[in-house]
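Quick notes on the structure that follows.
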Amino acid sequence: MKLTRRDFLKVSGAATAGLALSGLGIDFSPVEAYAWELRTREAKETPTICCYCAVGCGILCQTDKKTGQVIYTEGDADHPINGGSLCAKGASVYQLARNDKRVTNVLYRAPNSDKWQVKKWDWALKEIAKRVKKTRDASLVEKNEQGQVVNRCNGIASVGSAAMDNEECWLYQAMLRSLGIVYIEHQARI
Amino acid sequence: MGSNAAETHPVSFRWVMKAKDKGGTLIHVDPRYTRTSTKADIYAPLRPGTDIAFLGGMIKYIIENKKYFLDYVIDYTNASYIVGEKYEFKDGLFSGFNAEKKAYDSSTWAYAMDEKGVPKKDLSLQDPHCVFQLMKNHYSRYDLDTVSSVTGTPKDDLMKVFAAFSSTGVPGKAGTIMYAMGWCQHSVGVQNIRTISIIQALLGNMGIAGGGVNALRGESNVQGSTDAGLLFHILPGYNPTPTAALPTLADYNKKYTPSSKDPLSANWWQNRPKYIVSMLKAFYGDAAKPDDDFAYNWLPKGDEGKYYGWLDLFDAMYNKQLKGFFAWGMNPACSGANSNKTREALANLEWMVSVNLFDNETASFWKGPGMKPGKIKTEVFFLPCATFLEKEGSISNSGRWAQWRYKAQEPEGMSKRDGDIIYQLFLQIRELYEKDKKAKFPNPILNLNWDYATDRKFDPHLVAKTINGYWTKDTAVGDKTFRKGEQVAAFAMLKDDGSTACGNWIYCQSYNQDGNNMARRDKTDYSGIGLYPKWSWAWPVNRRIIYNRASVDPAGKPWNPKRTVVEYIADIKDGKYLPGGTWKGDVPDGPWPPLRNPDGSAREDAKLAFIMKPDGYASLFGPGLKDGPFPEHYEPLECPVDKNPFGAQLTNPIAATLKSDKDSIMSCDPRFPFVGTTYRVSEHWQTGVITRHMPWLIEAEPQVFIEMSEQLARLKGISNGEKVIVQSPRGSLEVVAIVTKRLKPFTIQGQEVHMVGLPLHFGWIYPKNGGDSANLLTPSVGDPNTRIPESKAFMVNVLKKGA
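Next comes the structure, spelled out in structure tokens:
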């Protein structure tokens, strides 16, 4: 079967939807063979682990060498847990790689305002740091009512995040504890 | 039980189906008939919140029909221990109950000790005060009729499940449990899991291939984030957070380092001081000095008896006790129980930081339903973070495999990796403290190790190496000298004198002198049981099945030689093992020889199987929990009945409850006559912040719905596909009705009880007509041990819209 590029795009949209929803009853093998060739010609393969539940399925990402953007994702056939298979969420990871609804700017909502404003990172981190310091210094309790040493910041709380990597989680808790925060919680509690 | 693996952890179910193909029996016990049920050999319905009644009935069945694995029970569980005379269970309460304090004095549950300080035992299991007999007596009340009247499970189904599961209590068979939030989110959550742990210990199913009690964790790294101590009650590596009552490191170590007088007990937690000191060295480096308690004083301390958990946190915020808040990769405006309370609480803050991929109901709470932005002062900073495809690092799955993943593209737009945000934010904070000579208590901030960047960017390898641990000075151990800065090989080498730094002792070995073990991709599996020991790395010390010393008989030979996990190999002379023996197979729970020689004689150099338990045995009797040493059925705090046939106590007497005006609970109230529960669907994840924005997924599951039985639909005049209003004492929600045969009414204590269920993935922000969060309905009450909210059983009403 010879496919023109236009034919390919037409069928390929259906094929990828089929991956997510499965079982359309159409033989896509010629398309898949062509897609494979296209994908491997210009792409770099990167293994990762799915971001959803904790089964820990392997996913392979194909990144376009020219644009640096992920162009395709699939189950990692070599992975001992999933052997290439993925659930609907895992199979949709490509749509997370390319998603126009993502917020990719720093936003700020002022007191009593009804809208977001776009801001710069440098400004936001400095402003947050000022608030952390102000609140911490105002609410740091060195001794509790019984006179016991607690060195605790009562005014700040944090939730999150099981969505971070181990290294980020560890670093985050170290920061929170150095600030004296004890209201530290995340997804494991709920 | 407590999970719907086929839909919520679909790829885990791939392995269930493989087991089924090999002749395994699949049992599904669940309030709803789901896709897991469709694949089950036996399906049994039960009313939400009655798992202990169900499983208590199974314990009674196992004991009375002698289905337990006797040798395992005697050698590896505390069945033979004698409990002290003060222990009693009466009228639904355990001894030591203090109604005023809503707490138990667990000293009344202590074991009777012999003159050496080791618990007394009766290996015949006949002593009326031994654990086995107390347990038999405790569950004698859990007869089929009573269990069925509480759970609503037909008696035939109970018998089928009991017979099938308890048939695994023989050496050649294995039974496993896959549970999820269906067990945790109850006011008896921990005891739900305790009940199955008792069953698995009775049946000899712990530590063996195909056995265990498996938590199907819901977040890709919720195992790792818990390991890292991102919780109010634990530091990294499951070390409790210090409290005000423990002013010095010595006080802390005294309270939390268990001791055992039994020479056969490994009592692994006796090593806790090494782990705490090494952690403090990882935090504070040279500033953590031996003569200053290694900066223990710099760790914040909660007040004794006060909780800082999820429910408490939002209660404090609601009561205007908090000013600043980080919602990092979380959406509490939809994810926590009693979301209306949470949403109002957010308006009491001065400032909030939301770190996320997408706009969400927490970040934009100020423009949510019923909110008036002009009256809400909270400043909100939204920081866009990178997706998992845009960064490198490790995550830990439900099987404790820490798997390294790699960056496939650069962070989109202005988004940053979480690691960079944390790293840079702390630099900014520290700079302010460096400039302000009058800043309050600056030392922990000024001295925190923060050398985690390469080219000024967060470097996950540097943190991973600190988590693993390194030598802080040249140190000789035996005939080998370790150089300052060298990675520590494994946690057995950690020290309590400051010569090692280790961020999280259970991850020691993950990134050692051999390199990044989490990145390994070698599929060699010589175990034959799918351990894949060279694929990634599992904590602790790459052990794939914990408590694997229980998979062998006391002489170290596998109970089931066809499914060997570990086996002791040594030369034998005159019926005794000679020195120099080794374990083959999985990494054993310690190197010590097995309990007995081939001729049955006891060995003094052996250790008991359950090395993390102070006494070395699996706990059939568990005196360490807050709400009782044996699980007891209590109704959910919001329930459809006013009597508990098992005892005079209706609900968990020490369940976590709160007192704000938003914390109403209404049992047996005619305004809320139906049992409600929440769950997930395959296509969405958590509050749906990510999955609602995936076009394929939102097309498949576009909006919140409520499932109800045909009987209830008839009763309320509701047709399939109609809009209905569901109400609880805490909130209401408009949803689409799905009228289905998958749900059936229960017969509870002679009454028909209806149940409805809703998925929890939706929120007002997107998609426009997707509806809102099911957690508007759930109660902010919870388990007394974990303080996890009771989201899985509560009371609601359902009305046709406009009726």
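Note that the protein sequences, when read in sequence, are chains A and B. Using the numbering used here, the first residue of the first sequence is number 1, and each one after it goes up by one. Using the numbering used here, the first residue of the second sequence is number 1001, and each one after it goes up by one. Ideal placement from N, C-alpha and C gives every residue a C-beta, glycine not left out.
Task: Alpha carbon of Val70/A to alpha carbon of Val93/A, nearest angstrom - done: Walking along the first sequence from the start, residue 70/A turns up at place 70. Walking along the first sequence from the start, residue 93/A turns up at place 93. One C-alpha to the other measures close to 10 angstroms.
Open item on the list: What does DSSP give as the partner residue(s) for Phe1381/B in the beta ladder?
Closed with: Residue mapping note: residue 1381/B aligns to position 381 of the second sequence, counting from 1. Checking the DSSP bridge columns, you'll see Phe1381/B partnered with Tyr108/A and Val1353/B.
Task: Pair within 8 angstroms by beta-carbon distance, Met1001/B and Ile1177/B - done: Indexing the second sequence from 1 puts residue 1001/B at position 1. Indexing the second sequence from 1 puts residue 1177/B at position 177. Cβ distance < 8 angstroms, so Met1001/B and Ile1177/B count as in contact.
Task: Beta-carbon neighbours of Tyr108/A, restricted to chain C and to distances below 8 angstroms - done: Although the question refers to chain C, the structure presented lacks it and instead comprises the protein chains A and B.
Task: Chain-ordered residues of the stretch 1186 to 1198 of chain B with a beta carbon less than 9 angstroms from chain A - done: none
- [ ] Would you mind listing the beta strand (DSSP E) stretches within the stretch 1175 to 1244 of chain B that are 3+ residues and don't spill past its ends, in chain order?
- [x] Listed in chain order, the complete beta strand (DSSP E) runs (minimum 3 residues) inside the stretch 1175 to 1244 of chain B are 1177 to 1179 and 1213 to 1215.
TODO: Less than 8 angstroms between the CB atoms is what I'm expecting for Lys1101/B and Pro1653/B, so what's the real figure, rounded?
DONE: On the second sequence, position 101 is the one that residue 1101/B refers to. On the second sequence, position 653 is the one that residue 1653/B refers to. Not confirmed; about 11 angstroms, so no contact.
Task: CB contact below 8 angstroms: Lys1662/B versus chain A - done: Taking the second sequence and counting its residues from 1, one reaches residue 1662/B at position 662. Not a single C-beta of chain A is nearer than 8 angstroms to the C-beta of Lys1662/B.
Open item on the list: Tell me which residue opens and which closes the beta strand (DSSP E) that Ser1732/B is part of.
Closed with: Here residue 1732/B refers to the residue found at position 732 when the second sequence is read from its first residue. Here the beta strand (DSSP E) through Ser1732/B covers Gly1731 to Val1739.
Open item on the list: Suppose you measure from the CA of Gly1169/B to the CA of Cys153/A; what does that come to, to the nearest Å?
Closed with: Position 169 of the second sequence holds residue 1169/B. Position 153 of the first sequence holds residue 153/A. In a straight line, the C-alpha of Gly1169/B is about 51 angstroms away from that of Cys153/A.
Task: Phe1426/B at chain A interface by Cβ criterion, 8 angstroms - done: Here residue 1426/B refers to the residue found at position 426 of the second sequence. At a cut-off of 8 angstroms between C-beta atoms, Phe1426/B counts as an interface residue with respect to chain A.
Task: Cβ pair count under 8 angstroms reaching 3, the stretch 1455 to 1465 of chain B against the stretch 1506 to 1525 of chain B - done: Yes, the stretch 1455 to 1465 of chain B touches the stretch 1506 to 1525 of chain B.
Task: Assumed close pair Ala1656/B, Leu1311/B - CB separation to whole angstroms, cut-off 8 angstroms - done: Within the second sequence, residue 1656/B is the residue found at index 656, counting from 1. Within the second sequence, residue 1311/B is the residue found at index 311, counting from 1. That belief holds up - the Cβ atoms of Ala1656/B and Leu1311/B are roughly 6 angstroms apart, short of 8 angstroms.
- [ ] Spell out whether any CB of chain B is found under 8 angstroms from the CB atom of Ala188/A.
- [x] Indexing the first sequence from 1 puts residue 188/A at position 188. For Ala188/A, the answer is yes, since a Cβ of chain B falls inside 8 angstroms of its Cβ.
Task: Burial state of Asp1804/B, where buried means 16 or more other Cβ atoms lie within 10 Å - done: Chain B is shown only over 1001 to 1803; residue 1804/B falls outside these bounds and no answer can be derived.
- [ ] Consult DSSP for Tyr1568/B and reduce its assignment to one of helix, strand or coil.
- [x] Residue 1568/B sits at position 568 when you count from the first residue of the second sequence. Strand at Tyr1568/B.
- [ ] Spatial neighbours of Thr1387/B within its chain, please: CB distance less than 7 angstroms, with the 5 preceding and 5 following residues excluded, ordered by chain position.
- [x] Within the second sequence, numbered from 1, the residue matching residue 1387/B stands at position 387. Within the same chain, and ignoring the five residues on either side of Thr1387/B in sequence, the residues whose Cβ sits closer than 7 angstroms to its Cβ are Leu1357.
TODO: Excluding the 5 residues preceding and the 5 following Arg1603/B in the sequence, name in chain order all residues of the same chain whose CB lies nearer than 8 angstroms to its CB.
DONE: Position 603 of the second sequence, counting from 1, holds the residue named residue 1603/B. Closer than 8 angstroms at Cβ, skipping near neighbours: Tyr1577, Pro1593, Pro1594, Leu1595, Arg1596 and Asn1597.
Open item on the list: Along the stretch 1216 to 1237 of chain B, where does the CB come closer than 7 angstroms to a CB of chain A? Name the residues.
Closed with: Arg1217, Gly1218, Glu1219, Ser1220, Asn1221, Val1222, Gln1223, Gly1224, Ser1225, Thr1226, Ala1228, Gly1229, Leu1230, Leu1231, Phe1232 and Pro1236
Open item on the list: Just verifying my parser: in three-state terms, what is the DSSP assignment at Asn1397/B?
Closed with: As a working mapping, residue 1397/B is identified with position 397 in the second sequence. Looking at Asn1397/B - three-state DSSP - the assignment turns out to be coil, as it is neither helix nor strand.
Open item on the list: Using a Cβ-Cβ cutoff of 7 angstroms, what residues of the stretch 1362 to 1374 of chain B are near chain A? List them in chain order.
Closed with: Trp1366, Lys1367, Pro1373 and Gly1374
Task: Cutoff 6 angstroms; reference Gly1212/B; Cβ partners in own chain excluding five residues on either side - done: For the purposes of this step, residue 1212/B is taken as residue 212 along the second sequence, with counting starting at 1. Correct list, in chain order: Thr1176.
Task: Pairwise C-alpha distance: Ala129/A and Lys1372/B - done: Within the second sequence, numbered from 1, the residue matching residue 1372/B stands at position 372. Within the first sequence, numbered from 1, the residue matching residue 129/A stands at position 129. Approximately 28 angstroms, taken between the alpha carbons.
TODO: Using DSSP bridges, identify the partner residues of Lys1800/B.
DONE: Reading the second sequence from its first residue, position 800 is the one you call residue 1800/B. Lys1800/B is bridged to Val1724/B.
- [ ] List the whole-angstrom C-beta distance separating Ala1337/B from Ser1780/B, where the pair is believed to meet the contact cut-off of C-beta under 8 angstroms.
- [x] Reading the second sequence from its first residue, position 337 is the one you call residue 1337/B. Reading the second sequence from its first residue, position 780 is the one you call residue 1780/B. Correct: roughly 5 angstroms between the Cβ atoms.
Open item on the list: By alpha-carbon positions, which one of Ser1012/B, Asn1267/B, Asp1783/B and Pro1767/B ends up nearest to Thr1651/B?
Closed with: Translated into the one-based positions of the second sequence, residue 1651/B becomes position 651. It is Asp1783/B whose Cα lies nearest to the Cα of Thr1651/B.
Open item on the list: Ser1499/B and Trp1539/B - do their beta-carbons sit closer together than 8 angstroms?
Closed with: In the second sequence, residue 1539/B corresponds to position 539, counting from 1. In the second sequence, residue 1499/B corresponds to position 499, counting from 1. No, the pair does not count as a contact, with Cβ atoms beyond the cut-off.
Open item on the list: Buried or exposed for Ala20/A, going by 16 or more other Cβ atoms inside 10 Å?
Closed with: For this step, residue 20/A is matched to residue 20 along the first sequence. Its pLDDT being 46, under 50, Ala20/A is placed unreliably in this model, and the value from its coordinates should be taken loosely. Buried.
Task: Proximal residues to His1138/B (C-beta, below 7 angstroms), its chain only, five neighbours per side dropped - done: Counted from its first residue, the second sequence places residue 1138/B at position 138. Once the five neighbours on either side are set aside, the close Cβ partners of His1138/B are Phe1089 and Phe1630.
Task: Phe1646/B in three-state terms, based on DSSP - done: Here residue 1646/B is taken as the residue at index 646 of the second sequence, counted from 1. Reduced to three states, the DSSP call for Phe1646/B is coil.
- [ ] Determine, using beta carbons only, whether Thr63/A and Lys89/A come nearer to each other than 8 angstroms.
- [x] Your numbering for residue 63/A matches position 63 in the first sequence. Your numbering for residue 89/A matches position 89 in the first sequence. No; because the gap between Cβ atoms is not below 8 angstroms, this pair is not in contact.
Open item on the list: Ignoring anything shorter than 3 residues, give me the beta strand (DSSP E) runs that lie fully in the stretch 91 to 150 of chain A, in order along the chain.
Closed with: Taking only runs of at least 3 residues, the beta strand (DSSP E) segments lying wholly in the stretch 91 to 150 of chain A are 106 to 109, 117 to 119 and 140 to 143.
TODO: Drop a sphere of 10 angstroms on the beta-carbon of Leu1346/B, count the other beta-carbons inside from all chains shown, and report buried for 16 or more, exposed for fewer.
DONE: Working through the second sequence from its first residue, we reach residue 1346/B at position 346. The residue is buried, with at least 16 neighbouring Cβ atoms inside 10 Å.
Open item on the list: For Gln1409/B, would you say it is in contact with chain A, using Cβ-to-Cβ distances shorter than 8 angstroms as the test?
Closed with: Within the second sequence, residue 1409/B is the residue found at index 409, counting from 1. Yes, because at least one Cβ of chain A sits closer than 8 angstroms to the Cβ of Gln1409/B.
Open item on the list: Quick check on Trp1764/B - is its C-beta less than 8 angstroms from some C-beta in chain A?
Closed with: Here the question's residue 1764/B lines up with position 764 in the second sequence. In terms of beta-carbon proximity, Trp1764/B stays away from the interface with chain A, with every pair separated by 8 angstroms or more.
Open item on the list: So, at 7 angstroms on beta carbons, what are the nonlocal neighbours of Glu1701/B in its own chain, with the 5 sequence-adjacent residues on each side left out?
Closed with: Your numbering for residue 1701/B matches position 701 in the second sequence. For Glu1701/B, where only same-chain residues beyond five positions count, the Cβ hits under 7 angstroms are Val1681, Glu1683 and His1684.
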